[in-house]
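S.K.: Take this structure first; my questions come after.
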Amino acid sequence: QSHDTVSGVNACKNNIAQWSAEVEELLLKVADLERKIADEKAKQKYLESKTVEISQEEIDKEARDGIEHYSSAKVMDDAIIRLN
1 QSHDTVSGVN ACKNNIAQWS AEVEELLLKV ADLERKIADE KAKQKYLESK
51 TVEISQEEID KEARDGIEHY SSAKVMDDAI IRLN
């Protein structure tokens, strides 16, 4: 019976060691994934800021183009009025 008890204790020690090693491995994986998440959030924030910047540039360009077209049309209107 004492042999079974010693055997049982050893089995418990082995299980504890194995599971502790698994926990350690999982904690390392969790830390790695948390780092990846933080990196990806930083990348997302950067890309979102670039998107806003690009959108503002497009808006400004369209506004300039619109002003140029309006100015050209105004010049033509004035020329037509002078011709009449």
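Under UniProt numbering, the sequence shown has 77 at position 77, and the numbering climbs by one with no breaks. Glycine included, each C-beta is placed from N, C-alpha and C at the ideal position.
(1) If you draw a straight line from the alpha carbon of A42 to that of K36, how long is it in whole angstroms?
(2) Of all the CB atoms in chain B, is at least one closer than 8 Å to the CB of A63?
(3) With respect to the alpha helix (DSSP H) encompassing N15, which residues constitute its N-terminal and C-terminal limits?
M.R.: Looking at the coordinates:
(1) Against the sequence shown, residue 42 aligns to sequence position 42. Against the sequence shown, residue 36 aligns to sequence position 36. Cα to Cα, A42 sits roughly 10 Å from K36.
(2) Reference to chain B is not applicable here, since this structure consists of a single protein chain.
(3) For this step, residue 15 is matched to residue 15 along the sequence shown. That run of the alpha helix (DSSP H) goes S2 to L83.
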